[in-house]
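Asks: Mind having a look at this structure? Questions to follow.
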Amino acid sequence: MTWTILVLVLGIALFMFGGMMLKQDSKKPSTGVVMAKKSINLISIIMIAGSICRLFVPYYLTSVNPAIIQEMVNGMQEQQNAEKNKAIRSYVRAKADTMTADAPILGKQDAKKTIFVWTDFSCPYCRRVHGELERVLADRDDVRVVVKNFSIHGPLSDAPAKAVIAAKLQSPEKAEKLVSMLMNRNYYTQEDLQDQSKIGEKVEKNVMKMAKEAGLDEAQLKKDMNGEVVSREMGNVRETAQRFEINGTPFLIIGEQAFPGAIPYEQIINALN
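First residue of the sequence shown: 3, per our numbering; consecutive thereafter.
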């Protein structure tokens, strides 16, 4: 702001007194002097106009018409979303099999339409959107949901994320059942949270109880949770999250569009259509 005011003052001074700095014949100024005066005037006008614009535009945007700023922000966000969706389309078309291979799948395994959801079992917003996805699956037999277990809450997230991936190795149907149980029921209590040093151990123990209820082999499940497939899928989840700039959950890719946040049933259906 200070430099802008100084440039404005300098421009005004140059416009008013710049010609006095030139030596000239009192009877008839030379062509060079005339051109020099015009150049000085032009430069001073540019300095004055530029300074006034720099002083007035922020005032206009913040005080007179602040809605323009919001329109500019919205336009930039739309452009960024369009670029992100373009990148997602390209990647999903090329890597859909890799993204699906080891992940738990809800609904028909070979359904024509796919929803990818980056989710965390300890995230309340993820639980909310899971309920919406269950409604979609109940109403549509041409849709499947690929669950990408984005473990972002440490010991509250690790065991359930690994368990559902490992469960798929035993049975896709039992893995789907375990996902539903973990999303719709509490797998840790406030009492479990009191001793943070043992929370991971307690969460895993509770997850194993649910796994047994879902009909899974607990011993095999524990072994597979530390195996190559689970490690590969967790790595794929992190890699794709970084690629798509996913910083939180839930995050959905429906068809070839990205939707951050817990979007409602109607929006999911519209995106599918």
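In this text, a Cβ means the ideal position worked out from N, Cα and C, and glycines have one as well.
As the structure is a computational prediction, the values presented were derived from the model and not from experiment.
(1) Where do the ends of the beta strand (DSSP E) carrying asparagine 151 lie?
(2) In angstroms with no decimal places, state the Cα-to-Cα distance between valine 59 and phenylalanine 261.
(3) Could you spell out the range, first to last residue, of the beta strand (DSSP E) harbouring leucine 218?
(4) Could you pull the start and end residues of the beta strand (DSSP E) that alanine 264 belongs to?
(5) I need the DSSP call for phenylalanine 118, collapsed to helix, strand or coil.
(6) For the alpha helix (DSSP H) holding isoleucine 167, just list the boundary residues, first then last.
(7) Apply the 10 Å Cβ neighbour rule to isoleucine 255 and answer buried if 16 or more other Cβ atoms are within range, or exposed otherwise.
(8) Given a threshold of 16 other Cβ atoms within 10 Å of its Cβ, counted over all protein chains shown, does serine 46 qualify as buried or as exposed?
(9) Give the DSSP-derived three-state secondary structure of glutamine 192 in the structure shown.
(10) Bridge partners of glutamine 269, per DSSP?
(11) Which of helix, strand or coil does DSSP assign to leucine 111?
(12) Taking the straight line between their C-alpha atoms, what separation do you get for alanine 165 and glutamate 247?
(13) Is it a yes or a no for the segment 157 to 164 touching the segment 90 to 110, going by three-plus beta-carbon pairs under 8 angstroms?
(14) For cysteine 55, count the other beta carbons within 10 Å of its own beta carbon; 16 or more makes it buried, fewer makes it exposed. Which is it?
(15) Since valine 149 contacts valine 119 with CB under 8 angstroms, what's their CB separation in whole angstroms?
(16) Grab me the residues of phenylalanine 253's own chain with a C-beta within less than 6 angstroms of its C-beta, minus the 5 sequence neighbours each way, in chain order.
(17) May I have the straight-line CA-CA distance separating proline 157 from asparagine 208, to the nearest angstrom?
(18) DSSP three-state label for isoleucine 248, please.
(19) Is it a yes or a no for the segment 104 to 112 touching the segment 175 to 195, going by three-plus beta-carbon pairs under 8 angstroms?
Replies: Let me spell this out:
(1) 145 to 151
(2) 35 angstroms
(3) Boundaries cannot be given for leucine 218, as no beta strand (DSSP E) includes it and DSSP labels it neither H nor E.
(4) Boundaries cannot be given for alanine 264, as no beta strand (DSSP E) includes it and DSSP labels it neither H nor E.
(5) In the structure shown, phenylalanine 118 sits in a strand (DSSP, three-state: E or B).
(6) 160 to 172
(7) buried
(8) By the 10 Å Cβ count, serine 46 comes out buried.
(9) coil
(10) Paired residues: none, contrary to the question.
(11) It is glutamine, not leucine, that sits at residue 111 in the sequence shown. Glutamine 111 sits in coil when the DSSP states are folded into three classes, being neither helix nor strand.
(12) One C-alpha to the other measures close to 25 angstroms.
(13) Taking one beta carbon from each stretch, the segment 157 to 164 and the segment 90 to 110 have fewer than 3 pairs nearer than 8 angstroms; the two do not touch.
(14) Looking at its Cβ environment, which holds fewer than 16 other Cβ atoms inside 10 Å, cysteine 55 is exposed.
(15) That belief holds up - the Cβ atoms of valine 149 and valine 119 are roughly 6 angstroms apart, short of 8 angstroms.
(16) Trp120, Pro262
(17) 12 angstroms
(18) coil
(19) yes
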